[in-house]
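Asker:
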Ligand SMILES: Cc1ncc(C[n+]2csc(CCOP(=O)(O)OP(=O)(O)O)c2C)c(N)n1
Ligand SMILES: [Mg+2]
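In the numbering used here, the protein residues as written are 67 to 852.
The following block contains the structure:
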């Protein structure tokens, strides 16, 4: 363990000994309950499938003291916390002590309907602020939540005095996730504040012990990006030992000790420490006597008395922070602290066996049969502990999860008219919203990873400005350099510009999309990016949806249709992502009136309690717009599909398409109508809604014995049972191929499942077989004359 310069804690105000004793008692309960919850799930609860249930006793023990110091002595109700995923049992135990978690839930830890393996905003009943699970994402999420909090304050929507600290409790291996550093960079650019990252620095990951070489680098990286780094390395016992004769040599030895050796000796215990220390530094003045002053048990306690387990030191340090500068606390810990496998490199998934557990139970004085009792074995202190818990600042009555009122779209959306693309129409709609005065537009916040202008958000930004905590002058404008784009930043700006890091886009959308719930003030986030680069941030997108954050994702351009840009920019499988992603509804309109109706519907759906986020896959291809007979098509369209050209009853052929291939589908239909006059053309602006609705009808089978007809089923009912269907999309053919299964129609799905290349639309549609000829050939193959 290399030396550190910052022996935090020694200069801080002292902690009241009575309070320290109480928090230490509560810590014992938390240590016990979290270990017991995991043990119960694995060894006591009946297993039907024989699978290991799991849970992380070592990772939990590593973070327990830090969490107890924070939750019982430091946090305030307005603070929001992302808890290291595999310390979930510690979190649930603390919530149980607060009375916000039930015994039934703990008994069902990792079982259906019980406390979740990793803290979940949507599935857990206790007070989870940010879901975690995919390491690194919850950490970075706190930075974006803080930026959103500042945005609300600067816009006058939130009182600055209500600002909380956005806190991540993270494992040290999470520092290997690249998204952490993308967030640090973005945070620095946005003048991040009120953010704490508390690192459980046990120097172990899942597989093994982490590299010594990285140690000082982390401090450098954080400091470079504007953070204050505080090392909490030596516990008070160690600090006292260092002051005695031989203490400096002991400290130097600790500092020089490789992580692997420190862990191995931690596992082996006091005698092993003594042998090694005597061999290495026993000859140094004072050391022999110093070590003789400790029994083996005491020596083990001394050597594992790292700062992250010293509640007094933790309280002093956390309480001493009086600035809003972002803070990183590197808390040295022992993975599995106090448990039989502490320090062992393989302890990540290790579970105590029943006899080890019985030993821990005896050691903690928990009587048999009273394992779940709040204060088992410390009944004499129960009244005091209960009273203390009611006074804990974090546990004071406060709304920690808000309901924010919904906002109605007051104006009709204006996509413009004439031949144009859905991307251009999107820009016009946003521009008009920007010019307008609707309350909904006032709550829109847009964001984009360096593709604001090229995704047609420029007009909106010109109207509403860029969000910046400091005034940001548009120098080009001031210098009278002509540009259509006003690039001016201020506290009331409604566009948050991001650097090119799609992970950050999705984490920003996650934070913005939870603003109503986290801070009580709803935002309507609209994020834009190029469709293929959804892949870059896919895990963060999934993470945002998992938390049920609400946003509109506008991905444009997309597909082969952006022809000359070539294969690197032509998305293929994003429609399938859109369909398979829960809590995200995917739309791919062909026409601009469809887009306007979808956006209007989307702004409502994003706010509905049982709604979700919305994903629009748009295109740069300018299309002639259809002339419509009334707007009856809209109701069907908002269920996913409508007949653009209705088939005759009992028709033998239908073409079904999604998106920018509308002209090819129409052209093919016109040719076919000469031979098959009853043929129909179906537009599917949302394969996702259509499929979900069909799946729901399939799932309803067997529930009540009655099959609810699906929307697609109703639409297809006018076709002959022997009809042939051709589906076509500029994307993965599987997006629409399932339609053949609805009524058992013979179906030929056209689409793209190979990387594209540069070309023009005609050449590419022809080569990848989604053009008019391909549709006609497919029609010929499915059309069987009876
Ligand atoms: C993105 C992602 N990759 C892999 C995992 C599997 N995983 C869970 S915990 C972990 C290592 C955790 O080490 P650390 O963060 O140091 O936590 P500790 O258990 O040591 O406290 C890994 C690789 C995951 N949860 N998320
Ligand atoms: Mg670790």
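C-beta atoms are modelled at their ideal positions from N, C-alpha and C, and glycine is treated no differently. These numbers come from a predicted model, not from an experiment.
#1: Taking 8 Å as the threshold (beta carbon to beta carbon), is residue 497 in contact with chain B?
#2: Whose C-alpha, out of 748, 561, 519 and 551, is nearest the C-alpha of residue 532?
#3: When the Cα atoms are used, what is the spatial distance from residue 139 to residue 375?
#4: Tell me which residues share the same chain as residue 355 and place their Cβ nearer than 8 Å to its Cβ, disregarding the 5 neighbours each side in the sequence.
#5: Pull up the distance between the alpha-carbon of residue 88 and that of residue 372, whole angstroms please.
#6: Given this structure, state the Cα-to-Cα distance separating residue 118 from residue 275, to the nearest angstrom.
#7: Anyone know if the C-beta pair for residue 156 and residue 129 falls short of 8 Å?
#8: Distance check for residue 176 and residue 110, CA to CA, integer angstroms please.
#9: Any idea what DSSP makes of residue 83, helix, strand or coil?
#10: Tell whether a beta-carbon distance below 8 Å holds between residue 270 and residue 401.
#11: Pick out whichever of 649, 837, 204 and 801 has its Cα sitting closest to the Cα of residue 640.
#12: If you draw a straight line from the alpha carbon of residue 74 to that of residue 370, how long is it in whole angstroms?
#13: State the start and end residues of the unbroken alpha helix (DSSP H) segment that holds residue 528.
#14: Just to confirm my understanding: we take residue 786, look at its own chain, exclude 5 residues before and 5 after, and list those with CB closer than 6 Å. What are they?
#15: Drop a sphere of 10 angstroms on the beta-carbon of residue 534, count the other beta-carbons inside from all chains shown, and report buried for 16 or more, exposed for fewer.
#16: Report whether the distance from the Cβ of residue 272 to the nearest heavy atom of ligand 1 is below 7 Å.
#17: Of the choices 634, 770 and 481, whose alpha-carbon is the least far from that of residue 496?
#18: Check whether the region 694 to 710 touches the region 741 to 759, counting contact only when three or more Cβ pairs, one atom from each stretch, lie closer than 8 Å.
#19: Is residue 649 near ligand 1, judged by its Cβ being under 7 Å from some heavy atom?
#20: Give the range of the beta strand (DSSP E) segment to which residue 570 is assigned.
#21: Ordered along the chain, which non-local residues of its own chain (more than five positions away) have a Cβ less than 8 Å from that of residue 364?
#22: Is DSSP giving residue 556 helix, strand or coil here?
#23: Within 10 angstroms of its Cβ, does residue 509 collect 16 or more other Cβ (buried), or is it exposed?
#24: On the premise that residue 573 lies in contact with residue 816, defined as a C-beta separation below 8 Å, what is that separation, rounded to the nearest angstrom?
#25: Under the criterion of a Cβ to heavy atom distance below 7 Å, does residue 325 qualify as lining ligand 2?
#26: For residue 747, report the span of its beta strand (DSSP E) as first-last.
#27: Is the distance from the Cβ of residue 597 to the Cβ of residue 623 below 8 Å?
#28: Measuring only from the beta carbon, is residue 401 closer than 7 Å to any heavy atom that is part of ligand 2?
#29: Tell whether a beta-carbon distance below 8 Å holds between residue 577 and residue 252.
#30: Given this structure, state the Cα-to-Cα distance separating residue 407 from residue 200, to the nearest angstrom.
#31: Quick one: is the Cβ of residue 268 within less than 7 Å of any heavy atom of ligand 2?
#32: Which ranges would you report for the beta strand (DSSP E) in the region 252 to 308 if only whole runs of at least 3 residues count?
#33: Mind checking which residues open and close the beta strand (DSSP E) that includes residue 149?
#34: Per DSSP, what kind of secondary structure is residue 417 in: helix, strand or coil?
#35: Go through its chain and collect everything with a Cβ distance to residue 847's Cβ below 7 Å, but skip five positions before and after it.
#36: Just to confirm, are residue 616 and residue 679 a CB contact at a threshold of 8 Å?
Answerer: The short version:
#1: The structure shown contains no chain B; it is built from a single protein chain.
#2: That would be 561, whose Cα lies nearest to the Cα of residue 532.
#3: A direct Cα-Cα distance of roughly 15 Å separates residue 139 from residue 375.
#4: Residues 311 and 312 of the same chain have their beta carbon placed closer than 8 Å to that of residue 355, with the five preceding and five following residues left out of the count.
#5: Cα to Cα, the separation comes out at about 20 Å.
#6: Taking the straight line joining both Cα atoms gives about 24 Å.
#7: Contact: yes.
#8: If you take the alpha carbons of residue 110 and residue 176, they lie about 13 Å apart.
#9: Residue 83 falls in the helix class under three-state DSSP.
#10: Here residue 270 is near residue 401, since their CB atoms are less than 8 Å apart.
#11: Nearest in C-alpha terms to residue 640, of all of 649, 837, 204 and 801, is 801.
#12: Low confidence applies here, because residue 74 scores a pLDDT of 46, under 50, leaving its location unreliable; read the following figure in that light. One C-alpha to the other measures close to 17 Å.
#13: In this chain, the alpha helix (DSSP H) harbouring residue 528 covers 524 to 530.
#14: Around residue 786: 716 and 718.
#15: For residue 534, the number of other beta carbons within 10 angstroms of its own is at least 16, and it is reported as buried.
#16: Residue 272 Cβ: within cutoff of ligand 1.
#17: Nearest to residue 496 by alpha-carbon distance, out of 634, 770 and 481, is 481.
#18: Segments in contact, yes.
#19: In this structure, residue 649 has its CB at a distance of at least 7 Å from all heavy atoms of ligand 1.
#20: Element bounds for residue 570: not the beta strand (DSSP E) but the alpha helix (DSSP H), 568 to 578.
#21: Excluding sequence neighbours, residue 364 sits near 336.
#22: Strand, per DSSP.
#23: Residue 509 comes out buried.
#24: Taking a contact as a CB-CB distance under 8 Å, the pair residue 816 and residue 573 does not count as one, their CB atoms being some 36 Å apart.
#25: For ligand 2, not one heavy atom lies less than 7 Å from the Cβ of residue 325.
#26: Counting along the chain, the beta strand (DSSP E) containing residue 747 begins and ends at 746 to 749.
#27: Note that the C-beta distance between residue 597 and residue 623 is below 8 Å.
#28: The closest heavy atom of ligand 2 lies less than 7 Å from the beta carbon of residue 401.
#29: The answer is no: Cβ separation not under 8 Å.
#30: Computed Cα separation, rounded: 25 Å.
#31: Result yes, Cβ under 7 Å from ligand 2.
#32: Correct list: 261 to 267 and 294 to 298.
#33: Segment 146 to 149, the beta strand (DSSP E) holding residue 149.
#34: Reduced to three states, the DSSP call for residue 417 is coil.
#35: Result list for residue 847: 814, in chain order.
#36: In contact: residue 616 and residue 679 (Cβ atoms closer than 8 Å).
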